[in-house]
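Asks: Chains as they are written, first to last, in our numbering: chain U, 1 to 386; chain W, 387 to 772; chain X, 773 to 1158; chain G, 1159 to 1544. Where is the CB? At the ideal position from N, CA and C, for every residue including glycine. What follows is a structure written as structure tokens; I'll ask about it next.
There are 4 protein chains.
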Amino acid sequence: MAKKVNVALIGYKFMGKAHSNAFRQAPVFFDLDVEPVMKVLVGRDEAGVKAAAEKLGWESYATDYREVVNRPDIDLVDIVTGNTSHAEIAIAAAKAGKHVFCEKPLAMTVGEAREMTQVAEKAGVKHCVNFNYRKLPSIQLAKRLIDEGAIGRIFHWRSVYLQDWIVDPEFPLVWRLNKAEAGSGALGDLAAHSIDLAHFLVGDITAVTGHMETFIKERPVATSMSGLVATGSEERAPVTVDDGTIFLARFANGAIGTFEATRFAPGHRNGNMFEINGSEGSIRFNVERLNELEFYSRRDPAHAQGFRTISVTEGGEHRWINAWWPAGHIIGWEHSFTHQVVDLLEAIAQDKPATPDFRDGLRVQLVLDAVERSAQSGQWVSIEKE
Amino acid sequence: MAKKVNVALIGYKFMGKAHSNAFRQAPVFFDLDVEPVMKVLVGRDEAGVKAAAEKLGWESYATDYREVVNRPDIDLVDIVTGNTSHAEIAIAAAKAGKHVFCEKPLAMTVGEAREMTQVAEKAGVKHCVNFNYRKLPSIQLAKRLIDEGAIGRIFHWRSVYLQDWIVDPEFPLVWRLNKAEAGSGALGDLAAHSIDLAHFLVGDITAVTGHMETFIKERPVATSMSGLVATGSEERAPVTVDDGTIFLARFANGAIGTFEATRFAPGHRNGNMFEINGSEGSIRFNVERLNELEFYSRRDPAHAQGFRTISVTEGGEHRWINAWWPAGHIIGWEHSFTHQVVDLLEAIAQDKPATPDFRDGLRVQLVLDAVERSAQSGQWVSIEKE
Amino acid sequence: MAKKVNVALIGYKFMGKAHSNAFRQAPVFFDLDVEPVMKVLVGRDEAGVKAAAEKLGWESYATDYREVVNRPDIDLVDIVTGNTSHAEIAIAAAKAGKHVFCEKPLAMTVGEAREMTQVAEKAGVKHCVNFNYRKLPSIQLAKRLIDEGAIGRIFHWRSVYLQDWIVDPEFPLVWRLNKAEAGSGALGDLAAHSIDLAHFLVGDITAVTGHMETFIKERPVATSMSGLVATGSEERAPVTVDDGTIFLARFANGAIGTFEATRFAPGHRNGNMFEINGSEGSIRFNVERLNELEFYSRRDPAHAQGFRTISVTEGGEHRWINAWWPAGHIIGWEHSFTHQVVDLLEAIAQDKPATPDFRDGLRVQLVLDAVERSAQSGQWVSIEKE
Amino acid sequence: MAKKVNVALIGYKFMGKAHSNAFRQAPVFFDLDVEPVMKVLVGRDEAGVKAAAEKLGWESYATDYREVVNRPDIDLVDIVTGNTSHAEIAIAAAKAGKHVFCEKPLAMTVGEAREMTQVAEKAGVKHCVNFNYRKLPSIQLAKRLIDEGAIGRIFHWRSVYLQDWIVDPEFPLVWRLNKAEAGSGALGDLAAHSIDLAHFLVGDITAVTGHMETFIKERPVATSMSGLVATGSEERAPVTVDDGTIFLARFANGAIGTFEATRFAPGHRNGNMFEINGSEGSIRFNVERLNELEFYSRRDPAHAQGFRTISVTEGGEHRWINAWWPAGHIIGWEHSFTHQVVDLLEAIAQDKPATPDFRDGLRVQLVLDAVERSAQSGQWVSIEKE
């Protein structure tokens, strides 16, 4: 019988649902070396967490994360709370010797992220930040093509992360639009994903210059929120985060890049897209068609070159797909979470580093911070060392 | 506490995995009026069914379906066995007063399908055939647009179901290429889906004329098969089913249609596609991009008309989506099974007809049969009444 | 100085404009071995043809084609009149020893087409029918890929030619909807192009079975028409041609095919599309994106296969493109006519056969005729020998 | 008879061919109030210009532009020489009282562009700079949608102009890669077009910050060039222009934008693309599919919103299309030049301003200059007033 890994999940809203699904599905679809046990779901509101635990398949629930992270029967602490409490919980868990899995962005500040990384590394536990898009078969294929040399020397990175859910000026001021709770707006929520993908696929960013914009300055105060559906009151308050952010970047390997993240792009529900151009070829991706990867090769015969749309659903060829369905039977967004959990459990089972880890989360945080500072100063800002 | 519906699943290969997932996911993501209980998994090979039951989350396993369908604690029998045993099991289950859910194609022959329908209707149980593509939010949207009049009078149906997994002549003679086990090839496996969608969206077909082709006449005899990966021996045997089938159709409402189903279309892994043209607009769909529906409206301003690509992922707007993720966070192929199970459980809870039911399965069988006869006679064949 | 080829163009409406453009542009963009001289434009209405000759760049005009085709200074007779007079004029011209270029469809009947072919072949003149889509660089690339073996053994042809300009039932009964003038509707106007492309790319068709439909049975009588804009009266008369036609085909090489041509497909202005699937790969094309060809190769690495969109605009690689603009600077629909004229003039200069010739036109006519007969009999009809 | 406008074209290479075509086609396809006469082609190499004049349809040729611009029979001087001589010729022509049409970029420096503008305005002649993409029906439709309010308040501009013709490091150092002749690289050649489109569709840019990169620092010296095909020697010399440039922009109306221009994007032959997002909808465009415009409207019914692909080929609806072919019969890149000439001749005939004029050219030059300065200083640079 496989060794058990007892999991505590802290938080149970949207991301709690996605993480729970991942832990529930991983052992059914994959042959794992360890068996995750959905031990306890943690939340401050007892009625809420009790109902969620039952619905989402957790053995029990609790209301005090401090107690839970110190329980001897817990092996892995998964953090999907608001951004403001990531650091506190992760540090407590790591100090208690637990493996830690944390939603992105890793922290509110570089300082927090650095401390989390240092504590986790010192504790010798597995630590992992959920930049889930890395765990799509299509992104893994992009990485493979780059590693194989099919793209060659990279010249350009070009990413946009486009959403449109707050274009209506009457959409209320939910927590994601409040700097104290969210840290930043489109930057930390969306560009963070693009930065991590750029790190993964292109390499280190050395300097950035950016601009952050809040198109709608005031909004109705939110009175309730369920998912992305919120109700507003007659009172208005200022929006304190960026609606959209754009920045330029230089990479250590000589590539140059553009980044954009916005919630003001009508027609794009979750348009996390990028393109990479190199001396041998190009790659394009859009998370709204996450089962596909577009690839152009300069090595194709000269009369027959063109971007090809690869259906990244071949069991024998594309990572993780074998566990699911036959070719052409597409997977969904949540499968990236399942793959992340599979990877993390494998890291625990084989005692090897999890990826992306807190240091990767810190690297993203350093770029987010530099973008904010460049937006204030109007100048290029170099990225600090981790 | 919701009333329980105890389920027995007969069969545990590829489709067993997909059905198990649906029963496991339905109560987590949806608020159901009844609670499905994954009671027993049934298969003839004890070792195999035991391992599968454990992996897929069934409470127990059994090796004799006859016994199981007569157990008083079983409410719903789900049949995912080979096509040859659908009729036998479904009839036994219905006669035992169980609700019956059956994979497509419903039966090997019109006779079988008719008997299954009559027995199930007489028994007064819920009966449902798994033409799962009906249960995609995008197909539901297509139906809604048609019902709203946005397409107007329908002129054309145009469907292709394109796969490419047996183009290699060395791919072995697996059961799907053997008439005795599969009934037919691309026709029953693939065109059956297109016919059901045409019935659902356009209406009754009145006559067809078709052609069936076997491009590769002999193949290596299969020695083993796991999923779609098979190993062949040096011995060869004739392929007894169609590699590809094409047919023309006339509909009761005056529309005309073309159908094609093939496993010989390189570049298409699971290209279940159709287009409908009507007096007010058009609709296009491809299951490889199942979260999207293309829609053209002649009612748009004359200078701004064009096919629009709808992301069918809006919780408040598109059916079933609310249960999953925010807009633009796509769902996968298997979600159609979950939706089918949700629908079926709702039909049981509310004592209303399930859809598509055995009569719908019979309607498809009648068309499949007519296509085969027209391919033999070279003449148009009228579709019999159910 | 290059030898001159004096041209007479019979007809001056829509197609007259397109042919005139081709003769005007060919010598400017291409280095020709002979120089076309736009000698005389011929039409029955003197005022109309005089104005057109001036506008379109013809040296002179005339009103009697019989006289013109017998003028000793005329080398090439180009026929763009209504379909009913193609045969008469082409036969007169060929008998007068003139090279003949004729719009498609070649004739009203198989009999006419056969006589035209026999007369032209006997006269030893160059004869050419304007299936202009053959002369797109993208179609030439498709042919090259097939000839290179990149598609392998062909299994499937699948073509649709979709338009939508008569969906409105109040659109008047213009000549194209009148069997006496047009011969047939969507069949001869649209499917003729698809059949010629199938002949060019796949090979001979051996048998067909089809269905022809007239969705709108009566329309207002047309009182005037300019281009595709027509005015209708209060009087109504029956539509005597097909609004849409569908048919199945078998090819001599074992491939099977589907064809559809309709003017009732909202959203498609001129959607001449096809796909070919073979043992090594596939090809897709749409004339509304005529600078592109989609190509899938089973020879690509297994993890990186997908339909690629080739921009068929590379001067050094793609036929005729060198004469125009740099890569990515697309050409238009009318360029296919220029290329056809270049080819024809080259055939004259080098005394080699023009393509497609009248025999190709006859081959199309034989299929059109067989489709009509199959639609009447409800049975497969074999294609006669030329 | 229409009044004649006698044209002198200075320069006869690639752009000479495109401009000649425009003057040749304009009076054939459009009903003009004035008649352009292709009077004289001017070039320094007598043999070359003589041959070109004959080929391209000019009545005569000359070798000294100074003489020509002072000829009393010349009404319009069209300048397609290298960028270094635009100012000198345009100023001479305007001072001689001739209307002036000039290729983009207008000048080598802001100073030149400002002087050209002042001289031309003072002379009271028509002056026009050939930002030809404005003259595509699709771009006119974009403008119309914006003017109608269909996009609402604009939030984002996002443009890339991607080419790939110099990715090979052995491609020689042609004039476009030499700062002394070209002024800049991708910036002036490509981004200039994007900037003009942004001005036309969004409005004034107020500040920019950018980065310019030369990926390949040295190349073989070019020994000959024909079109884009060049031969290199063994000698190498430094590339003195940007291979790729990226910049951020703020607009006067509060929108923010990103721009990228590069010749290092494999797979993109001439990918001049942009997207605009506003409070009511979005627009997307790609010049490689210049007959299409993508449009998203937030005003569509909530269940049926999506980017629609408009075929901008409707005679009655889309500008200039009526002159060409029926809907769906696409036009090519060169047609934009014909439309520009039609517009310019109409401005002359009706004595109204031509668009875009030299002041528009100056506005672009001011942005190009600011981008270069920001790339040097690493700071945002405000755009000067014209």
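What is the rounded straight-line gap between the Cα of Ala47 of chain U and the Cα of Tyr12 of chain U?
Replies: Those two C-alpha atoms are separated by around 12 Å.
Asks: What first and last residue would you give for the beta strand (DSSP E) that runs through Tyr933 of chain X?
Replies: 926-934 is the span of the beta strand (DSSP E), which, as asked, contains Tyr933 of chain X.
Asks: How is Met888 of chain X classed by DSSP in three states: helix, strand or coil?
Replies: Met888 of chain X: helix per DSSP, three-state reduction.
Asks: What runs of the alpha helix (DSSP H), each 4 residues or longer, lie entirely inside the segment 44-105 of chain U?
Replies: You should have 46-56, 65-69, 86-95.
Asks: Quick check on Ile1468 of chain G - is its C-beta less than 9 Å from some C-beta in chain W?
Replies: Yes, Ile1468 of chain G lies at the interface with chain W (some Cβ there is under 9 Å from its Cβ).
Asks: With respect to the beta strand (DSSP E) encompassing His597 of chain W, which residues constitute its N-terminal and C-terminal limits?
Replies: Where His597 of chain W is concerned, the enclosing beta strand (DSSP E) stretches over 591-599.
Asks: List the residues of chain W that Gly1473 of chain G touches, going by C-beta distances under 7 Å, in chain order.
Replies: Under the 7 Å cutoff, chain W gives no residues; its nearest Cβ is about 11 Å from Gly1473 of chain G.
Asks: For Gly1053 of chain X, which residues of its own chain have a beta-carbon under 6 Å away from its beta-carbon, when the five flanking residues on both sides are left out?
Replies: Ala922, Ile923, Tyr1068, Ser1069, Arg1070.
Asks: Measure from the C-beta of Glu1492 of chain G to each C-beta in chain X and report whether the shortest distance is under 9 Å.
Replies: Interface residue, yes.
Asks: To test your reading of the DSSP string, which unbroken alpha helix (DSSP H) runs of 4 or more residues are found completely within the segment 1486-1516 of chain G?
Replies: Fully enclosed alpha helix (DSSP H) runs of 4 or longer: 1493-1508.
Asks: Check whether chain W comes within 9 Å of Val125 of chain U, counting only Cβ atoms and requiring the distance to be less than that.
Replies: No, Val125 of chain U does not count as interfacial toward chain W.
Asks: Relative to the alpha-carbon of Glu433 of chain U, which residue among U:Glu372, U:Ser374, U:Leu366 has its alpha-carbon at the smallest distance?
Replies: No information on residue 433 of chain U is available, as it lies outside the stretch 1 to 386 that chain U covers here.
Asks: Nearest-angstrom Cα distance between Leu1303 of chain G and Phe29 of chain U?
Replies: C-alpha separation (whole angstroms): 49 Å.
Asks: Taking the DSSP output, what are the residues bridged to Tyr682 of chain W?
Replies: According to DSSP, Tyr682 of chain W bridges with W:Ser668.
Asks: So His1476 of chain G is in the alpha helix (DSSP H); what residue range does that whole segment cover?
Replies: Note, His1476 of chain G: premise wrong, no alpha helix (DSSP H); not H, not E.
Asks: Is the CB-CB distance between Val391 of chain W and Leu731 of chain W below 9 Å?
Replies: A contact, by the Cβ cut-off of 9 Å.
Asks: Would you say Arg1061 of chain X faces chain G, with C-beta separation under 9 Å as the test?
Replies: Closer than 9 Å to some Cβ of chain G, the Cβ of Arg1061 of chain X qualifies, so yes.
Asks: Taking C-beta pairs closer than 8 Å, name the residues in chain U that Phe1465 of chain G reaches, listed in chain order.
Replies: Near Phe1465 of chain G (Cβ distances below 8 Å), the residues of chain U are Gly267.
Asks: Per DSSP, which one or two residues make a beta bridge with Phe251 of chain U?
Replies: DSSP, once it has assigned bridges, lists U:Ile205 as partnering Phe251 of chain U.
Asks: Please classify Asp464 of chain W: is it buried, with 16 or more other beta-carbons within 10 angstroms of its beta-carbon, or exposed?
Replies: Classification for Asp464 of chain W: buried.
Asks: So Ala1211 of chain G packs on Asn1228 of chain G, CB below 8 Å; how close in whole Å?
Replies: That pair is no contact at about 19 Å.
Asks: Using 10 angstroms around the beta-carbon of Gln726 of chain W, count the other beta-carbons present and answer buried if the total reaches 16, otherwise exposed.
Replies: Gln726 of chain W should be labelled buried.
Asks: Cβ of Tyr1454 of chain G less than 9 Å from any chain W Cβ?
Replies: So yes, Tyr1454 of chain G belongs to the interface.
Asks: DSSP three-state label for Gly957 of chain X, please.
Replies: Gly957 of chain X: coil per DSSP, three-state reduction.
Asks: For my contact list, Glu831 of chain X and Val812 of chain X are in at a C-beta cut-off of 8 Å; report their separation, rounded to the angstrom.
Replies: With a Cβ gap of about 7 Å, Glu831 of chain X and Val812 of chain X count as contacting.
Asks: Between which residues of its own chain and Lys1293 of chain G is the CB-CB distance below 7 Å, once the five residues before and five after are set aside?
Replies: Counting only Cβ-Cβ distances below 7 Å, and skipping sequence neighbours, we find Ser1494, His1497, Gln1498, Asp1501.
Asks: Using the beta-carbon of each residue, which ones in chain X are nearer than 9 Å to Leu1142 of chain G?
Replies: Because residue 1142 of chain G is not part of the residues shown, which for chain G are 1159 to 1544, the question remains open.
Asks: Which residues bound the alpha helix (DSSP H) around Ala794 of chain X?
Replies: Looking at the DSSP string, the run of the alpha helix (DSSP H) that includes Ala794 of chain X is 786-801.
Asks: Mind pulling the chain X residues with CB within less than 9 Å of Ser665 of chain W?
Replies: In chain order: Val939, Asp940, Pro941, Phe987, Phe1036, Pro1038.
Asks: Which bits of chain G does Leu248 of chain U rub up against, with CB to CB less than 9 Å?
Replies: What Leu248 of chain U touches in chain G: Thr1367, Gly1368, His1369, Ile1404, Phe1405, Leu1406, Thr1416.
Asks: So is Lys17 of chain U buried or exposed if we call it buried at 16+ other beta carbons inside 10 Å?
Replies: Result: buried.
Asks: Using the C-alpha atoms, what's the distance from Val901 of chain X back to Gly1132 of chain X?
Replies: The sequence as given places Asp at residue 1132 of chain X; Gly does not occur at that position. Spanning the two alpha carbons is a distance of roughly 8 Å.
Asks: Return the chain-ordered list of same chain residues with a C-beta closer than 6 Å to the C-beta of Gly569 of chain W, the five sequence neighbours on each side being excluded.
Replies: Result list for Gly569 of chain W: Asn469, Met494, in chain order.
Asks: Comparing the C-beta of Glu661 of chain W with each C-beta of chain X, is any distance below 9 Å?
Replies: Yes, contact with chain X.
Asks: What would DSSP say about Ile1147 of chain G, mapped onto helix, strand or coil?
Replies: Past the edges of chain G, shown from 1159 to 1544, lies residue 1147 of chain G, and the structure says nothing about it.
Asks: Output needed for Phe251 of chain U: all residues of its chain with C-beta closer than 6 Å, excluding positions within five of it in sequence on either side, in chain order.
Replies: Around Phe251 of chain U: Val202, Gly203, Ile205.
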